[in-house]
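Line order of the protein sequences matches chains A and B. The opening residue of the first sequence carries number 29 in this note's numbering; numbering runs sequentially from there. The opening residue of the second sequence carries number 29 in this note's numbering; numbering runs sequentially from there.
2 protein chains.
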Amino acid sequence: MRGFKSLTPIREAQRALLERINHTPTETETPTPEAVGKVASRDVVAPMDIPPFDRAAFDGYAVRAEDTIGASRTSPIMLKLVGRHTPGSGQLAEVGQGEAVEVATGAPLPRGADAVVPYEESTVRGGYVEIYRAVPKYYYVSRRGEDVARGEVVVRRGRRIKPWDVGVLASLGIKKIYVYRARAALISTGGELVELDDAPPPPGKIINSTRHMLTKLMEGLGVEVAYLGIAPDDVDYIYQKIREALQHYDVVVTTGGVSVGEPDYVIPAVSRLNPEVLIHGVAARPGRPNSAAVVSGKPVLMLSGFPVAAVVGFEIFVKPTILKMVGAREEPAPTVRAVLTRRVTTPINVRSFVRVHLFYRNGKLYAEPLAVNGSGVLSTLTRGNGLLIVPENREGYDEGDEVEVIVLNPID
Amino acid sequence: MRGFKSLTPIREAQRALLERINHTPTETETPTPEAVGKVASRDVVAPMDIPPFDRAAFDGYAVRAEDTIGASRTSPIMLKLVGRHTPGSGQLAEVGQGEAVEVATGAPLPRGADAVVPYEESTVRGGYVEIYRAVPKYYYVSRRGEDVARGEVVVRRGRRIKPWDVGVLASLGIKKIYVYRARAALISTGGELVELDDAPPPPGKIINSTRHMLTKLMEGLGVEVAYLGIAPDDVDYIYQKIREALQHYDVVVTTGGVSVGEPDYVIPAVSRLNPEVLIHGVAARPGRPNSAAVVSGKPVLMLSGFPVAAVVGFEIFVKPTILKMVGAREEPAPTVRAVLTRRVTTPINVRSFVRVHLFYRNGKLYAEPLAVNGSGVLSTLTRGNGLLIVPENREGYDEGDEVEVIVLNPID
Numbered sequence: 029m030r031g032f033k034s035l036t037p038i039r040e041a042q043r044a045l046l047e048r049i050n051h052t053p054t055e056t057e058t059p060t061p062e063a064v065g066k067v068a069s070r071d072v073v074a075p076m077d078i079p080p081f082d083r084a085a086f087d088g089y090a091v092r093a094e095d096t097i098g099a100s101r102t103s104p105i106m107l108k109l110v111g112r113h114t115p116g117s118g119q120l121a122e123v124g125q126g127e128a129v130e131v132a133t134g135a136p137l138p139r140g141a142d143a144v145v146p147y148e149e150s151t152v153r154g155g156y157v158e159i160y161r162a163v164p165k166y167y168y169v170s171r172r173g174e175d176v177a178r179g180e181v182v183v184r185r186g187r188r189i190k191p192w193d194v195g196v197l198a199s200l201g202i203k204k205i206y207v208y209r210a211r212a213a214l215i216s217t218g219g220e221l222v223e224l225d226d227a228p229p230p231p232g233k234i235i236n237s238t239r240h241m242l243t244k245l246m247e248g249l250g251v252e253v254a255y256l257g258i259a260p261d262d263v264d265y266i267y268q269k270i271r272e273a274l275q276h277y278d279v280v281v282t283t284g285g286v287s288v289g290e291p292d293y294v295i296p297a298v299s300r301l302n303p304e305v306l307i308h309g310v311a312a313r314p315g316r317p318n319s320a321a322v323v324s325g326k327p328v329l330m331l332s333g334f335p336v337a338a339v340v341g342f343e344i345f346v347k348p349t350i351l352k353m354v355g356a357r358e359e360p361a362p363t364v365r366a367v368l369t370r371r372v373t374t375p376i377n378v379r380s381f382v383r384v385h386l387f388y389r390n391g392k393l394y395a396e397p398l399a400v401n402g403s404g405v406l407s408t409l410t411r412g413n414g415l416l417i418v419p420e421n422r423e424g425y426d427e428g429d430e431v432e433v434i435v436l437n438p439i440d
Numbered sequence: 029m030r031g032f033k034s035l036t037p038i039r040e041a042q043r044a045l046l047e048r049i050n051h052t053p054t055e056t057e058t059p060t061p062e063a064v065g066k067v068a069s070r071d072v073v074a075p076m077d078i079p080p081f082d083r084a085a086f087d088g089y090a091v092r093a094e095d096t097i098g099a100s101r102t103s104p105i106m107l108k109l110v111g112r113h114t115p116g117s118g119q120l121a122e123v124g125q126g127e128a129v130e131v132a133t134g135a136p137l138p139r140g141a142d143a144v145v146p147y148e149e150s151t152v153r154g155g156y157v158e159i160y161r162a163v164p165k166y167y168y169v170s171r172r173g174e175d176v177a178r179g180e181v182v183v184r185r186g187r188r189i190k191p192w193d194v195g196v197l198a199s200l201g202i203k204k205i206y207v208y209r210a211r212a213a214l215i216s217t218g219g220e221l222v223e224l225d226d227a228p229p230p231p232g233k234i235i236n237s238t239r240h241m242l243t244k245l246m247e248g249l250g251v252e253v254a255y256l257g258i259a260p261d262d263v264d265y266i267y268q269k270i271r272e273a274l275q276h277y278d279v280v281v282t283t284g285g286v287s288v289g290e291p292d293y294v295i296p297a298v299s300r301l302n303p304e305v306l307i308h309g310v311a312a313r314p315g316r317p318n319s320a321a322v323v324s325g326k327p328v329l330m331l332s333g334f335p336v337a338a339v340v341g342f343e344i345f346v347k348p349t350i351l352k353m354v355g356a357r358e359e360p361a362p363t364v365r366a367v368l369t370r371r372v373t374t375p376i377n378v379r380s381f382v383r384v385h386l387f388y389r390n391g392k393l394y395a396e397p398l399a400v401n402g403s404g405v406l407s408t409l410t411r412g413n414g415l416l417i418v419p420e421n422r423e424g425y426d427e428g429d430e431v432e433v434i435v436l437n438p439i440d
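What follows is the structure in structure tokens.
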């Protein structure tokens with residue numbers, strides 16, 4: 029293949045890339061709810077206890093446990109009812125010896141009380157409560173700090189914040205947290221490109237769709253993307269553009285100019301930047317042109333201009349790079365086991381990404397392979413709802429084989 | 029249990045709720061890249077072919093197939109080289125009888141040509157190309173429309189738009205698409221609540237953290253959330269607030285005021301709105317207080333004020349409601365099979381949501397149950413990285429049982 033003397037295996041390419049990256053994005057303080065999807069850049073420590081106070085874990089009567097010693101159905105103990113606490117109670121009653129305060133679940137335990145007798149174990153008569161049961165200390169009491177203790181780490185550095193983390197952080201009164209602010213520069217190349225705003229394209233031109241797709245994929249990792257436009261087919265220009273971008277951004281992503289048959293501007297431009305490592309082409313199908321370099325510790329990821337191949341480039345280069353820089357781990361992907369409806373033939377020593385259509389028939393799950401060759405088969409991106417990854421040591425799978433498939437969209 | 033005469037099974041509650049909803053959100057035209065995460069409200073049809081023109085599928089020479097009849101290594105056919113096409117070529121060459129044009133992969137096929145002879149099957153000598161092989165019509169040609177044909181539906185109504193859909197839609201020059209604009213009103217209730225901005229809370233008060241968590245969960249479904257504040261403990265006020273919200277929003281979500289031990293304001297307020305259906309309490313653990321109603325075809329979802337129980341309320345009521353209104357299906361969730369480290373005991377006839385901590389030991393995946401009782405165990409939301417759902421017909425699982433667990437966060 030012209031331009032690809034030898035294709036680097038994906039694992040080797042990733043290792044060479046990741047081990048040379050020596051750069052951490054800056055951090056920024058963000059309002060807790062807005063941190064969803066971002067990665068914590070510091071351990072977050074609980075500034076208070078949860079519960080913040082001893083509280084009733086059941087509806088009933090707050091008492092002094094010692095006052096209930098010897099109580100039973102046949103010989104109840106009478107305690108004087110001196111008040112009521114609800115979760116929102118402002119005025120705080122106190123339980124003295126021989127007294128009880130009615131409490132609702134979640135209400136602060138009145139001062140002096142150390143246990144809750146449920147309604148089921150008691151009856152109110154006149155101004156008194158009959159207690160039918162001796163209860164131990166802290167019976168039906170949620171102790172202060174038993175859920176989260178002050179000083180405890182609740183969110184570790186490197187954790188991608190989820191909506192339910194916000195539930196915990198906000199409950200602790202944490203208004204802002206530190207998150208990484210990873211910033212990517214995106215540079216498109218290719219004399220054939222016109223922007224979506226200028227659609228329909230003139231004859232022979234195509235729309236720069238990869239730009240929008242990659243932007244959204246990177247934003248999904250919590251990355252801010254700055255689009256720096258379509259570079260003209262000019263090595264000097266591209267060299268300057270990448271060089272400047274490296275000064276202001278954590279990662280530079282280019283598209284186009286790396287495929288067989290395309291004028292070769294990007295690799296020469298990056299070569300001129302004296303990269304510590306430069307991988308030109310990778311043993312992926314589709315996605316062979318995807319390339320990567322590290323310049324002064326920062327990643328320069330050169331993806332195919334074709335959307336299908338660029339998705340593979342995103343998976344094998346962009347995602348691991350971002351995760352490494354912010355110390356995060358990959359989110360789990362949904363997978364299923366399905367039966368192949370047709371044979372899939374793939375080249376040996378290449379990792380193949382085969383889009384499939386998953387469907388149920390007679391209660392059984394099947395995977396129909398959509399295409400295995402060419403990065404131009406765009407429609408597989410919308411037609412496929414699953415992805416079958418064929419590893420390097422296989423030449424495919426047979427019809428009827430049960431394979432593991434990553435589920436990308438709901439199954440019909 | 030006070031306030032819950034009978035708990036409705038989840039499946040029954042969902043059916044009663046969903047079958048009465050008779051409302052569709054409005055649609056809005058959105059720039060294609062911004063549609064990611066939203067749901068298409070109309071089928072999207074390809075306005076052009078992809079490829080938009082016949083193009084070279086390999087590097088080589090565009091020829092007239094009939095000119096190659098009889099060509100072989102031993103008796104090559106000579107064609108006159110009359111130009112070169114790259115993917116971005118402006119000037120369009122033409123191939124006449126006995127002629128060839130050099131083409132790069134992706135380049136428009138020159139007029140007159142109908143096949144591509146790869147470099148490997150040819151050699152240039154002087155101004156001529158020696159062709160070593162007879163090729164059939166459309167050999168190494170991507171035909172116009174073979175990937176996506178003009179008029180074809182590329183994205184169906186009800187599909188949640190993914191980044192790779194943007195790759196396809198933008199390639200087709202589709203600048204905007206119609207998506208649903210689902211709008212939710214969120215009303216918090218509970219005299220004990222203070223807002224996160226007012227943290228730390230005074231004694232006896234707690235922070236309205238559920239508000240932020242639910243907002244982010246709903247936004248994750250592509251819903252716009254309008255927060256209408258903390259309602260005072262007043263049935264009239266809550267009634268008016270919900271009534272007004274129903275006029276302007278597609279779904280009204282309340283939090284608090286539905287749990288055992290809480291003052292009961294929300295259910296009486298909704299009852300006064302003459303709901304077509306009213307479910308008060310559901311057989312879920314945690315999450316029993318979660319309630320739902322339909323008023324004039326619109327959903328009113330009354331969730332617990334406790335974050336852990338509210339997450340369950342979101343899963344069983346909010347998510348299915350939103351999906352039904354926009355005609356979308358649930359996104360696939362990642363699951364694994366893991367071995368329980370301890371027995372899990374759950375009540376019969378209740379669906380239990382048990383947070384677990386998934387971890388590997390000696391290459392085997394284990395699930396450590398974190399807590400099964402109480403909606404107040406907030407820390408399970410950050411400590412757990414998995415969710416075990418115990419169905420209604422089981423009273424739990426034994427230690428050592430292999431169970432299916434939904435993966436919420438990366439596994440250590």
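Note that CB positions come from ideal geometry on N, CA and C, so glycine has one too.
Proximal residues of chain A, C-beta to C-beta of residue i below 9 Å
| i | result |
| --- | --- |
| F81(B) | P231 and G232 |
Nearest-angstrom beta carbon gap, residue j and residue i [assumed within contact, 8 Å]
| i | j | result |
| --- | --- | --- |
| I307(A) | T60(A) | The Cβ separation is near 39 Å, so there is no contact. |
| E220(A) | G232(A) | 7 Å |
| T54(A) | V207(A) | About 10 Å; that fails the 8 Å criterion. |
| V364(B) | L386(B) | 7 Å |
| N413(B) | P375(B) | About 25 Å separates the two Cβ atoms, so there is no contact after all. |
| R92(B) | V123(B) | 6 Å |
| T373(A) | V183(B) | Contact doesn't hold; Cβ gap of about 30 Å is too wide. |
| V336(A) | T408(A) | 7 Å |
Residue i versus residue j - alpha carbon distance
| i | j | result |
| --- | --- | --- |
| G126(B) | F81(B) | 23 Å |
| D292(B) | A135(A) | 15 Å |
| R188(B) | V263(B) | 38 Å |
| E432(B) | R357(A) | 22 Å |
| R39(B) | V253(B) | 26 Å |
| M29(B) | P317(B) | Its pLDDT being 39, under 50, M29(B) is placed unreliably by the model, and the measurement read from it follows with that caveat. Going from the Cα of M29(B) to the Cα of P317(B) covers about 11 Å. |
| G428(B) | V418(A) | 33 Å |
| G257(A) | K269(A) | 10 Å |
| G31(B) | V405(B) | For G31(B), the pLDDT reaches just 49, beneath the cut-off of 50, and the residue's location in the model is therefore unreliable, although a value from the coordinates is still provided. Cα to Cα, the separation comes out at about 22 Å. |
| D87(A) | A132(A) | 5 Å |
| A44(A) | V305(A) | 7 Å |
| S319(B) | A259(B) | 18 Å |
| G186(A) | P360(A) | 15 Å |
| L274(B) | R209(B) | 15 Å |
| R313(A) | A85(B) | 15 Å |
| I235(A) | L200(B) | 8 Å |
| S62(B) | G333(A) | Contrary to the premise, residue 62(B) reads as Glu rather than Ser in this sequence. Distance between the alpha carbons of E62(B) and G333(A) is about 21 Å. |
Interface residues of chain B facing residue i [CB-CB closer than 7 Å]
| i | result |
| --- | --- |
| P438(A) | R357, E358, E359 and P360 |
| V1(A) | There is simply no residue 1(A) to check, as chain A begins at 29 and stops at 440 in what is shown. |
Residues that residue i contacts on chain A, provided the C-beta gap is smaller than 7 Å
| i | result |
| --- | --- |
| D262(B) | Result: empty, since nearest Cβ-Cβ is about 13 Å, beyond 7 Å. |
| S69(B) | Neighbours of S69(B) on chain A: none; closest Cβ ~17 Å, over 7 Å. |
| M353(B) | Here the premise fails: no neighbours, minimum Cβ distance about 16 Å. |
Chain A residues whose Cβ lies nearer than 8 Å to that of residue i
| i | result |
| --- | --- |
| P136(B) | P231 and G232 |
Chain-ordered chain B contacts of residue i [CB-CB under 9 Å]
| i | result |
| --- | --- |
| T282(A) | Per Cβ cutoff of 9 Å: no residues; T282(A) is ~16 Å from chain B at best. |
Checklist entry - In the segment 139-156 of chain B, which residues sit with their C-beta less than 7 Å from some C-beta in chain A, listed in chain order? => result none
Next on the checklist: Please identify, using Cβ separations under 7 Å, the residues of the segment 315-342 of chain A that lie next to chain B, in order along the chain.
Outcome noted: P335 and V339
Checklist entry - What residue ranges within the segment 33-72 of chain A form continuous beta strand (DSSP E) runs of no fewer than 3 residues, ordered along the chain? => result Taking only runs of at least 3 residues, the beta strand (DSSP E) segments lying wholly in the segment 33-72 of chain A are 54-59.
Next on the checklist: Restricting to runs no shorter than 3 residues, where is the beta strand (DSSP E) found entirely within the segment 144-206 of chain B?
Outcome noted: 150-153, 156-159 and 181-183
Item to check | Segments assigned beta strand (DSSP E), at least 3 residues, entirely inside the segment 68-98 of chain A | outcome: 88-91
Next on the checklist: Restricting to runs no shorter than 4 residues, where is the alpha helix (DSSP H) found entirely within the segment 375-416 of chain A?
Outcome noted: 408-411
Item to check | Residues of the segment 198-211 of chain A with Cβ closer than 9 Å to any Cβ of chain B, in chain order | outcome: A198, S199, L200, G201, I202 and K203
Checklist entry - Of all the residues that make up the segment 239-251 of chain B, which are near chain A by a beta-carbon distance shorter than 7 Å? => result The residues in question are H240, M241, T243, K244, L245 and G248.
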